[in-house]
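Residues in the sequence shown are numbered from 0 upward in steps of one, following numbering that gives the first Met the number 0. Cβ coordinates follow ideal geometry from the N, Cα and C atoms, glycine included. Single-structure report; data block below.
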Amino acid sequence: MSTHKKKTRKLRGHVSHGHGRIGKHRKHPGGRGNAGGMHHHRINFDKYHPGYFGKLGMRNYHLRRNTKWCPTLNLDKLWTLVSEQTKLKYKENQTKAPVIDLVKAGYYKLLGKGRLPKQPVISVVLASFPRESNAPRGLMQVLPLCIICS
């Protein structure tokens, strides 16, 4: 906006410049922070922050966050954690097989969806098995050795 249209031009010659002689544009005229949410700022709080005041629901005294956080990986994606170079190395030498550390890769649970290639995997390090009763047995048939570190 150009200067000659601004409010300051109109306020020239008026002593307090629109802020009053006593308060003088200082301190906190409406109170500090969220003061007056139930009193003189009620309209704003009701309009823009409904439900700000009051209680809702039950209290959880010992809240443990992320108790159910458990990243999973399907069996058919297991070999994506191994580099192409390593795959070729172990494909040529069938007597050895790679160790895949799921926990190091950021996965805690191995699910049994999909099929593995014929190439053997010696062991998989994981944090937990799926909950279904026959899942560990199914995974043990496919993978010779599973190390659980929880």
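Below 8 Å, enough C-beta pairs join the stretch 66–73 and the stretch 105–117 to call them touching: three or more.
S15 has its alpha-carbon roughly 9 Å from the corresponding atom of H24. Look at L125 here: in three-state DSSP terms it is strand. L101 and G53 have their C-alpha atoms roughly 45 Å apart. Taken through DSSP and simplified to helix, strand or coil, I42 comes out as helix.
For L109, DSSP records a beta bridge to L72. The C-beta of G113 has fewer than 16 other C-beta atoms within 10 Å across all chains shown, which makes the residue exposed.
One thing to note: G111 has its Cβ within 8 Å of the Cβ of L74. With fewer than 16 neighbouring CB atoms inside 10 Å of its own CB, I21 falls in the exposed class. Contact between I99 and L80 holds, with the beta-carbon distance rounding to 6 Å and staying under 8 Å.
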